[in-house]
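Colleague:
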Amino acid sequence: MAMKNLLALVVLLGVLGVSVSVPNGGGLDLDYYRHKCPDAESIVRRITIQYVSHQRSLAAALLRMHFHDCFVRGCDGSMLLKSPNKDAERDAFPNLSVRGYEVVDAAKAALEKKCPGVVSCADVLALVARDAILVIQGPWWPVPLGRRDGRISKASEANLPSPFVNVTTLKTNFADKGLNAKDLVVLSGAHTIGISSCALINARIYNFTGKGDFDPSMNPSYVRALKKRCKPTDLRTPVEMDPGSGKKFDTHYFRAVAQKKGLFTSDSALLDDPETKSYIETQAASVESSSFAKDFADSMVKLGMIEVLTGENGEIRKKCAFVN
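Mapped onto mature numbering (1 follows the signal peptide of the UniProt record, and there is no 0), the consecutive letters of the sequence shown carry residue numbers -21 to -1, 1 to 303.
#1: Could you say which of G223, A40, D251 lies nearest to S196 if we only look at CA atoms?
#2: Can you tell me where the beta strand (DSSP E) holding E219 begins and where it ends?
#3: Are the beta-carbon atoms of N198 and K161 separated by less than 8 Å?
#4: How close, in whole Å, do the beta carbons of R130 and G293 come, if the pair is a contact with beta carbons under 8 Å?
#5: How about F193: is its C-beta nearer than 8 Å to some C-beta of chain B?
#6: Drop a sphere of 10 angstroms on the beta-carbon of F72, count the other beta-carbons inside from all chains shown, and report buried for 16 or more, exposed for fewer.
#7: Are the region 91 to 102 and the region 112 to 132 touching by the rule of at least three beta carbon pairs closer than 8 Å?
#8: Quick one, are the C-beta atoms of C209 and N181 less than 8 Å apart?
#9: Just to check my reading of the structure: G173 and A39 have Cβ atoms closer than 8 Å, yes? What is that Cβ distance to the nearest angstrom?
#10: Excluding the 5 residues flanking P118 on each side, which residues of the same chain have their C-beta closer than 6 Å to its C-beta?
#11: Measure the beta-carbon distance from E68 to S167 and round it to whole angstroms, keeping in mind my assumption that it falls under 8 Å.
#12: Which word fits A235, buried or exposed, when buried means at least 16 other C-beta atoms lie within 10 angstroms of its C-beta?
#13: Taking the CB atoms as reference points, tell me whether E286 and G53 lie closer together than 8 Å.
#14: Should the region 144 to 159 be called in touch with the region 27 to 35, which here means at least 3 C-beta pairs below 8 Å?
#15: Taking the CB atoms as reference points, tell me whether V51 and A137 lie closer together than 8 Å.
#16: Rounded C-beta distance between T255 and V164? I'm assuming under 8 Å.
#17: Considering only the alpha carbon of each residue, which of G189, P121, T244, D229 lies closest to S270?
#18: Enumerate in chain order the residues of its own chain whose CB-to-CB distance from A134 is below 7 Å, with the five nearest sequence positions on each side excluded.
#19: Who does I174 pair with in a DSSP beta bridge?
#20: Apply the 10 Å Cβ neighbour rule to N74 and answer buried if 16 or more other Cβ atoms are within range, or exposed otherwise.
#21: Leaving out five residues on either side along the sequence, give the residues of the same chain with a beta carbon under 8 Å from the beta carbon of L37.
#22: Which runs of the alpha helix (DSSP H) at least 4 residues long sit entirely within the region 141 to 166? Give them in chain order.
#23: Please state whether the Cβ-Cβ distance between R183 and D194 is less than 8 Å.
#24: Give the DSSP-derived three-state secondary structure of E291 in the structure shown.
#25: Over what stretch of residues does the alpha helix (DSSP H) that includes T255 continue unbroken?
#26: Could you check the C-alpha separation between P121 and D192 for me, to the nearest Å?
#27: What residues in its chain sit with their C-beta under 6 Å from that of D213, if we drop five residues either side in the sequence?
#28: With DSSP collapsed to three states, give me the class of L106.
#29: Helix, strand or coil: how does DSSP classify K240 here?
#30: K8 bridges to which residues according to DSSP?
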C-alpha cells in the first residue's frame, strides 16, 4: 500500500471511528494532546510508516515491545530505559531479542522538536505499536493517551509470560494484569506475525522429556518440517510463529494451533482450556477475520491501560532511554 493511501486510511478510521470498546478510567483520554500537542499522533504515525513500510518485520517487533513493556510495571515505558550496569528490563534474557527501539526514539525526537517535554515515551510506544500493525494491514484500535514515564527499570522484574508454560500459568499471568482468558487467546493471536528461532523449540522437537522424543501435543508432520529447518544444535535459524503465513495479520495462526502446529508450548496449551480452545476453533473455522480484528483491538486497548502512571506520577522523559 502506498504511503499516501495508508495515511488516508488512518485518517478515515480516525474520523469514522471503529467498533472498539474503550474502558473508562485509568486517567487516560483519547484527546489528551488535543491542545498540548495536536499533531502528536500524526507525527508518530509518519515516523512509524517510514520505518515499517521499509522493514515490515518491525511491526511484530514493536507490538512485542509494547506487550513486554506493559507486563512489567505497567505501560510506563520502562522497557525503553538503558542502564550503565546492563540491569534494566531490556537487558533481561526474554528481552534481549526485542528490537525496534530506533522507531520509538525517532518518533520521540520529532515530538521533542514540535512539542518539547509534552508527550511521554510510554504514549509514543503505545502509538507506534498500533500504527506499525496498521502498516501491514492489521487491525486498528484507539489509543487513549496521557501515560507518564516510569523511572525504574529492573531486569529482575521482567517476569514475562513464558513460551514454555501451561495454560493455567498463562491465565494466572494475564489475570494478574487484569486480563481474562479471552484476552489471553486473542493476544496470543499476535503470533500470526513475526518469527522466533530454533533455540526456543529445539528441546521441544528433539528431547522433550530427555529421551530423544518430541512433544506429543505437536502434529508429527509439523515436527518433521521443523526438524528439517532446525538441526539439534541450531540456535540461530529463524522460524515463523505462524507456519506459512508469518507476514500476514490474519486468523491463520488459529488454524495452525487447531491443527496442533503451535510453535511454542504456550500456543499448544491454549487447546487445554475450554474457553481458549473454543475461541481457537471458532476462528479456525471462520472464513473471514473481522471478529478477531475487533477482539484484538479490544484486548489491545485493555493491555495499553495496565498500571499506567498519570497525573503527578512518573515524568515525561526528554529521551526515552534515560530518566531526566
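Quick reminder that beta carbons are idealized off the backbone N, C-alpha and C, glycines included.
Small disclaimer: the values here were computed from a predicted structure and weren't measured.
Modeller: According to the structure data:
#1: D251
#2: 217 to 219
#3: no
#4: 7 Å
#5: The displayed structure is made up of one protein chain only, and chain B is not part of it.
#6: exposed
#7: yes
#8: yes
#9: 3 Å
#10: A272, F275, A276
#11: Contact flag wrong, Cβ pair sits at about 22 Å.
#12: Burial call: buried.
#13: yes
#14: no
#15: yes
#16: 4 Å
#17: D229
#18: Within the same chain, and ignoring the five residues on either side of A134 in sequence, the residues whose Cβ sits closer than 7 Å to its Cβ are D66, A67, E68, D70, A71.
#19: E219
#20: buried
#21: So the qualifying residues of the chain are Y30, V31, R78, G79, V82, A111.
#22: Scanning the region 141 to 166 from its first residue to its last, the whole alpha helix (DSSP H) runs of 4-plus residues come out as 146 to 154.
#23: yes
#24: coil
#25: For T255, the uninterrupted alpha helix (DSSP H) segment begins and ends at 253 to 264.
#26: C-alpha separation (whole angstroms): 46 Å.
#27: If you ignore the 5 residues before and after D213, its C-beta comes within less than 6 Å of the C-beta of C177, all in its own chain and listed in chain order.
#28: helix
#29: coil
#30: A small fix is needed here, since residue 8 is Asp in this sequence, not Lys. In DSSP, D8 forms a bridge with L124.
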